[in-house]
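Trainee: Take this structure first; my questions come after.
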Amino acid sequence: MTKYLLQLLIALVLFGGICGRSFAEEPFASPAKVTNAALVYWQAFALLPELSDGDTKLLSHLEKDEQPLNKAEPLLARSRLALGLIRHVKPDTPCRWELIEDGPSTLLPHLSKARLLARLLILKARIDAKSGDRAMALDQLSQALLLARNVDDGVLVQMLVGDSIESLAVDAAQELLPTLDRRSRDRLSEAIVNLPPRATFGKAIMYERDVFAEWLRPIVSDDNEEAREKLKPMGAINDSADMAAILAETREQRTQWFNELLAAYGDIVKASRLPLPNANQEIIRLEQSFSESPNPLIRLFMPASSRARERHMQIDARLAELQTALQDAAKPEGKSS
Amino acid sequence: MNEQNKNDHLEQELRNLQPRELSDGFMESLGRRLDMSPVVRESTRRQKLVKVSVAGAVAAMLLIALWGASDLLNHDAPVPPEREIAGPKEAPRQEKPDEPPKPTLFAYSLAASGQQGDLEELLDYHARTLLPTVTDSNSVAYP
């Protein structure tokens, strides 16, 4: 028995080694086995066309219906490789951007490209829908919504970009709605249900606190000269009058301001959990008090959160409305709620 | 007796198998071939190369010595300015007021806290300026 066990172990080790080796030698990822959506997105970003100022303006005009849709065709033709590539990202594909954390200096080079790619997808969806290719239009819209969710890794700014994409996608979906047959409505509804969950405002604020405050902690606790050295690469922050005021103070004063900053983030999160009208009022009141605060750390680092929260909640409501409309329209006549 | 005869016969056969002395003609021909072999030719070539290199080096040294002497004699020639030796530089700043903002968390957060549309404008700017590789003229995607 022991003899067979040993043979079995050797066979398993050999088999594992062969499998591992063949996996390591695969030069390309199979489209069916994409393990990180971010890598597909980066490839698509590299294939995006160079935009002129005119292209940027055109995109904006097209979104506001100030230009006929067919004007977008040359730009979409230049983007076709990028738009085609991202269809390999599925709703259940994990997305890890793996950005290098560096406090406020953390680089987010993917944000602008993700937003551009999503805007092109939505534009393409609208053109496809107009030309009668509803299946393709729904695919493009679903991909734009998925990109919006994937771009939102939890930080407030990422949430804002995700929301701006979702807003455009919902606009396009509502425009498309009257033309969709039952099957197409079910398909879009299913695509929305299968999306990764939306980030919450409270989590975004807490993440913001972690990123900014953890970066600030050693600065406020060091002596003035060391703190100044650490701030040097920050440029804009380092040159601000508020930062000069912070560095002119003693370590004790700076620590007190730092603790007040941490509490301010907590106050925003607490306010966001209040019932709806009270929450909005309280967040606006807090925001006002932050801008007038004697604490320069609060004035410098507290984000403008009321607008971000309002927009986030609007998107939540619009998505819920869209889902209801899709489900109602899919029900047989006379049964709509 | 019979055994003795057999041994004598074997001895005779072995004596016949002894190598014969090489002829003088063969030795001469072998000597000529060895002189012309690639190993010998290579060795000759290397010797020539060493001689040429040594001659070149001597000539170069002479030229340098002459050039240095003429430079010493020519007092009116302009003296090159002294080079400044760079000292330790201040850490580079990422964002100056006249520099376009980089795609950092802080830059986006500031834009988001600014006027309505500031964040979108900054994102549009970065969408135009980061990874600008595919132009109309070189686009492989353009039909």
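From first to last, the protein sequence lines are chains A and B.
Heads up: take any position in the first sequence, counting from 1, add 6, and you land on our numbering.
Heads up: take any position in the second sequence, counting from 1, add 3, and you land on our numbering.
Every residue gets a Cβ at the ideal spot worked out from N, C-alpha and C, and that includes glycine.
Please list the partners that residue 127 of chain B has in chain A, where partner means a Cβ-to-Cβ separation under 7 Å.
Mentor: Going along chain A in sequence order, the residues near residue 127 of chain B (Cβ under 7 Å) are 62.
Trainee: Can you give me the C-alpha to C-alpha distance between residue 231 of chain A and residue 217 of chain A, rounded to a whole angstrom?
Mentor: In a straight line, the C-alpha of residue 231 of chain A is about 23 Å away from that of residue 217 of chain A.
Trainee: What residue from B:66, B:128, B:32 has the CA that sits closest to residue 103 of chain B's CA?
Mentor: It is B:128.
Trainee: Give me the DSSP bridge partner(s) of residue 330 of chain A.
Mentor: Answer is none; residue 330 of chain A lacks a bridge partner.
Trainee: Does any residue of chain A have a CB that is nearer than 8 Å to the CB of residue 103 of chain B?
Mentor: Judged by the 8 Å Cβ criterion, residue 103 of chain B is not in contact with chain A.
Trainee: Which same chain residues end up closer than 6 Å to residue 166 of chain A when comparing Cβ atoms and leaving out the 5 residues on each side of it in sequence?
Mentor: Here the set comprises 314.
Trainee: Is it true that the segment 112-131 of chain B meets the segment 100-107 of chain A, where meeting means three or more beta-carbon pairs spaced less than 8 Å apart?
Mentor: Not touching, per the Cβ criterion.
Trainee: Along the chain, which unbroken stretches of the beta strand (DSSP E) at least 3 residues long are found entirely within the segment 253-331 of chain A?
Mentor: List check, beta strand (DSSP E) in window: nothing returned.
Trainee: For residue 122 of chain B, which option in B:111, B:131, B:132, B:130 has the closest C-alpha, if you only look at C-alpha atoms?
Mentor: Checked all of B:111, B:131, B:132, B:130; the closest Cα to residue 122 of chain B is B:111.
Trainee: Does DSSP put residue 80 of chain A in a helix, in a strand, or in coil?
Mentor: If DSSP states are grouped into helix, strand and coil, residue 80 of chain A belongs with the helices.
Trainee: Anything in chain B within Cβ reach of residue 204 of chain A, meaning under 9 Å, just list it in chain order.
Mentor: Chain B residues near residue 204 of chain A: none, gap ~18 Å exceeds 9 Å.
Trainee: Any C-beta of chain B within less than 8 Å: which residues of the segment 119-151 of chain A qualify?
Mentor: Within the segment 119-151 of chain A, the qualifying residues are 119, 121, 122.
Trainee: Quick one: give me the first and last residue of the alpha helix (DSSP H) that residue 104 of chain A is part of.
Mentor: Element bounds for residue 104 of chain A: n/a, residue is neither H nor E.
Trainee: Quick check on residue 12 of chain B: buried or exposed, where buried means 16 or more other Cβ atoms within 10 Å of its Cβ?
Mentor: Burial call: exposed.
Trainee: Nearest chain B C-beta to residue 224 of chain A closer than 8 Å, yes or no?
Mentor: By this cut-off, residue 224 of chain A is not an interface position.
Trainee: So, are the CB atoms of residue 236 of chain A and residue 224 of chain A less than 8 Å apart?
Mentor: Yes, they are a contact pair.
Trainee: Return yes when the Cβ of residue 273 of chain A is within less than 8 Å of the Cβ of residue 292 of chain A, no when it is not.
Mentor: For residue 292 of chain A and residue 273 of chain A, yes; Cβs fall inside 8 Å.
Trainee: Within the same chain, show all residues whose beta-carbon is closer than 7 Å to that of residue 75 of chain A, passing over the 5 residues directly before and after it, in chain order.
Mentor: Counting only Cβ-Cβ distances below 7 Å, and skipping sequence neighbours, we find 68, 132, 133, 136.
Trainee: Output, in chain order, the set of chain A residues within a Cβ distance shorter than 7 Å of residue 56 of chain B.
Mentor: Under the 7 Å cutoff, chain A gives no residues; its nearest Cβ is about 48 Å from residue 56 of chain B.
Trainee: Given this structure, state the Cα-to-Cα distance separating residue 331 of chain A from residue 202 of chain A, to the nearest angstrom.
Mentor: Near 21 Å, if we compare the C-alpha coordinates of residue 202 of chain A and residue 331 of chain A.
Trainee: Please name the residue or residues paired with residue 37 of chain A in a DSSP beta bridge.
Mentor: Residue 37 of chain A is not bridged to any residue.
Trainee: How is residue 62 of chain A classed by DSSP in three states: helix, strand or coil?
Mentor: The answer is helix: DSSP assigns residue 62 of chain A an H, G or I state.
Trainee: Nearest CA to the CA of residue 147 of chain A: which residue from A:158, A:93, A:189, A:119?
Mentor: Among A:158, A:93, A:189, A:119, the Cα nearest to that of residue 147 of chain A is on A:93.
Trainee: Find the nearest neighbour of residue 286 of chain A within the set A:307, A:266, A:306, A:316, judged by alpha-carbon distance.
Mentor: Checked all of A:307, A:266, A:306, A:316; the closest Cα to residue 286 of chain A is A:316.
Trainee: Which residues share a DSSP beta bridge with residue 13 of chain B?
Mentor: Note: residue 13 of chain B sits in no beta bridge, so no partner.
Trainee: Distance, Cα to Cα, residue 176 of chain A vs residue 254 of chain A?
Mentor: Spanning the two alpha carbons is a distance of roughly 49 Å.
Trainee: The alpha helix (DSSP H) that contains residue 117 of chain A, what's its start and end?
Mentor: Element bounds for residue 117 of chain A: 116-136.
Trainee: Around the C-beta of residue 97 of chain B, are 16 or more other C-beta atoms found within 10 angstroms, so that it is buried, or is it exposed?
Mentor: Caution applies to residue 97 of chain B, whose pLDDT of 44 falls short of 50 and renders its modelled position unreliable; the value that the coordinates give is listed next. Result: buried.
Trainee: Just checking my contact of residue 145 of chain A with residue 205 of chain A at CB under 8 Å: how many whole Å lie between their CB atoms?
Mentor: 24 Å between Cβ atoms; not a contact.
Trainee: Are the beta-carbon atoms of residue 268 of chain A and residue 301 of chain A separated by less than 8 Å?
Mentor: Contact: no.
Trainee: Using a beta-carbon distance below 8 Å, is residue 114 of chain A in contact with chain E?
Mentor: Considering every chain present, this structure includes no chain E. Its protein chains are A and B.
Trainee: Is residue 97 of chain A helix, strand or coil by DSSP?
Mentor: Residue 97 of chain A: coil per DSSP, three-state reduction.
Trainee: Between which two residues does the alpha helix (DSSP H) harbouring residue 195 of chain A extend?
Mentor: Unbroken alpha helix (DSSP H) run through residue 195 of chain A: 188-199.
Trainee: Cα-Cα, which of A:72, A:198, A:90 is closest to residue 53 of chain A?
Mentor: That would be A:90, whose Cα lies nearest to the Cα of residue 53 of chain A.
Trainee: Return the first residue and the last residue of the alpha helix (DSSP H) that residue 161 of chain A is part of.
Mentor: Residue 161 of chain A -> no alpha helix (DSSP H), and no H or E assigned at all.
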